[in-house]
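Structure first, commentary second.
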Amino acid sequence: MNYRDRVIGKFMLYYDEPHRFGNAEVELAKAIAGQIAFGIARVRAEEALQQERARLADTMAHVPGMVWETIGTPGNQ
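When we follow the working numbering, the leftmost residue of the sequence shown carries the number 1088, and every step to the right adds one.
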């Protein structure tokens, strides 16, 4: 299975006896593999986003001495 020109997995079909896949079967398998690859990529992207959000929240929670300035406050012009 490919997603954005990268191999991300395999999708294999088997028969109980020797069988030559026809064009329609090959095209159907490719379509199914494409949908599975898209789903895998989507899940990976969601997981990466959640990890990044957690990392950012952790960073923000541990930033010491965070200072907010307001424009026009005496001494901060």
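We put the CB at the ideal spot given by N, CA and C, even for glycine.
What you are looking at is a predicted structure, and each value in this text was computed from that prediction instead of being measured.
- Message: If you measure between the beta carbons of phenylalanine 1098 and isoleucine 1119, is that distance less than 8 Å?
- Response: Yes, these two residues count as a Cβ contact at 8 Å.
- Item | Own chain residues within Cβ distance below 8 Å of tyrosine 1090, not counting five before or after | If we look at tyrosine 1090 and ignore the five residues flanking it on each side, its Cβ neighbours are Ala1124, Phe1125, Ile1127, Ala1128.
- What is the DSSP secondary structure of arginine 1093, reduced to helix, strand or coil? Three-state DSSP puts arginine 1093 in a strand.
- Message: Quick check: the Cα distance between alanine 1116 and alanine 1135, rounded to an integer number of angstroms?
- Response: Rounded to the nearest angstrom, the two C-alpha atoms are 28 Å apart.
- Task: Identify whether aspartate 1103 lies in helix, strand or coil by the three-state DSSP scheme.
- Result: Aspartate 1103: coil per DSSP, three-state reduction.
- Item | Unbroken stretches of the alpha helix (DSSP H), 4 residues or longer, contained in the region 1119-1157 | You should have found no qualifying run.
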